Amino acid sequence: MASAPAWQLALAEQFYQLAVQRVALASRHNFPHLPKNNPVLKNSARIKSSSDFARVTKSGRRTTTNSMIGYLYPTNDQNPAKLGLIIGKSVGSSVKRHRIARQIRHAFKESNFQNGSLFVVRVMKQSENAFYEAKELISKAGKENSKPQVNA
Numbered sequence: 473m474a475s476a477p478a479w480q481l482a483l484a485e486q487f488y489q490l491a492v493q494r495v496a497l498a499s500r501h502n503f504p505h506l507p508k509n510n511p512v513l514k515n516s517a518r519i520k521s522s523s524d525f526a527r528v529t530k531s532g533r534r535t536t537t538n539s540m541i542g543y544l545y546p547t548n549d550q551n552p553a554k555l556g557l558i559i560g561k562s563v564g565s566s567v568k569r570h571r572i573a574r575q576i577r578h579a580f581k582e583s584n585f586q587n588g589s590l591f592v593v594r595v596m597k598q599s600e601n602a603f604y605e606a607k608e609l610i611s612k613a614g615k616e617n618s619k620p621q622v623n624a
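The opening position of the sequence shown corresponds to residue 473 in the working numbering, with each subsequent residue numbered one higher.
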């Protein structure tokens, strides 16, 4: 038997047409009730320069959770708060690291840091619930920032 029977070809064509319809229905354009805002953290709200990373990690206030360390460095400018991430390869595969990064960015976006704050999160090991741990870290850092500093 060299070729497929005609009924198999017809079935495959029907399946293909149904799949195309499903993809068209699942398109975001057909769901106007979904929020239009972008869940991604704005490019202007990210720390990119190595000098900023060094300044925050060396001079910022340190806060920790089980698998993350947060550094908060308040500045005097009125730019929106910025986030920097340090996630090493020891945390896991690329997929795991990017998932953790997305969860931390989402938690940061939900928070309300003061303008001019620079916040760096260093992930030390893989977390089961990185989103909730990041929220805990951010709330701890916010409380620490509201305390007055004691100069010795």
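Heads up, the beta-carbon is just placed ideally off N, CA and C, and yes, glycines get one too.
No experiment lies behind these values; they were computed from the predicted model shown.
Environment of residue i [buried if 16+ CB atoms lie within 10 Å]
{"i": "Thr535", "result": "buried"}
{"i": "Val530", "result": "The residue asked about is misnamed: residue 530 is Lys in this sequence, not Val. Burial call: exposed."}
{"i": "Gly542", "result": "buried"}
{"i": "Leu506", "result": "Since pLDDT at Leu506 reaches only 49, below the 50 mark, its modelled position is unreliable, and the value read off the structure follows with that caveat. Burial call: exposed."}
Proximity of residue i and residue j at Cβ, strictly below 8 Å
{"i": "Val592", "j": "Phe525", "result": "yes"}
{"i": "Ala607", "j": "Ala573", "result": "As written in the sequence, residue 607 is Lys, which differs from the Ala given in the question. No, the Cβ-Cβ distance between Lys607 and Ala573 is not below 8 Å."}
{"i": "Ala528", "j": "Leu590", "result": "Note that residue 528 corresponds to Val in the displayed sequence, not to Ala. Cβ atoms of Val528 and Leu590: closer than 8 Å."}
{"i": "Ser539", "j": "Ser611", "result": "no"}
{"i": "Asn515", "j": "Ala553", "result": "no"}
{"i": "Ala517", "j": "Leu555", "result": "yes"}
CA nearest to the CA of residue i, picked from the options
{"i": "Arg512", "options": "Met540, Tyr604, Ser522, His570", "result": "Inspection of the sequence shows that residue 512 is occupied by Val rather than by Arg. The shortest Cα separation from Val512 among Met540, Tyr604, Ser522, His570 belongs to His570."}
{"i": "Ile558", "options": "Arg577, Ser589, Tyr604", "result": "Arg577"}
{"i": "Arg533", "options": "Val492, Lys581, Ser566, Pro546", "result": "Pro546"}
{"i": "Phe585", "options": "Gln550, Ser523, Ser521", "result": "Gln550"}
Residue i to residue j span [Cα, whole Å]
{"i": "Ser583", "j": "Lys568", "result": "23 Å"}
{"i": "Lys561", "j": "Phe487", "result": "42 Å"}
{"i": "Ile519", "j": "Gln480", "result": "56 Å"}
{"i": "Lys615", "j": "Asn601", "result": "21 Å"}
{"i": "Leu609", "j": "Ala484", "result": "52 Å"}
{"i": "Ala478", "j": "Arg494", "result": "25 Å"}
{"i": "Phe603", "j": "Ser565", "result": "18 Å"}
{"i": "Val563", "j": "Ala482", "result": "49 Å"}
{"i": "Thr537", "j": "Lys597", "result": "11 Å"}
{"i": "Val492", "j": "Ser522", "result": "46 Å"}
{"i": "Ala613", "j": "Lys581", "result": "15 Å"}
{"i": "Gln575", "j": "Asn548", "result": "28 Å"}
Which runs of the alpha helix (DSSP H) at least 4 residues long sit entirely within the region 556-585? Give them in chain order. Those alpha helix (DSSP H) runs which fall completely within the region 556-585 and span 4+ residues are 566-582.
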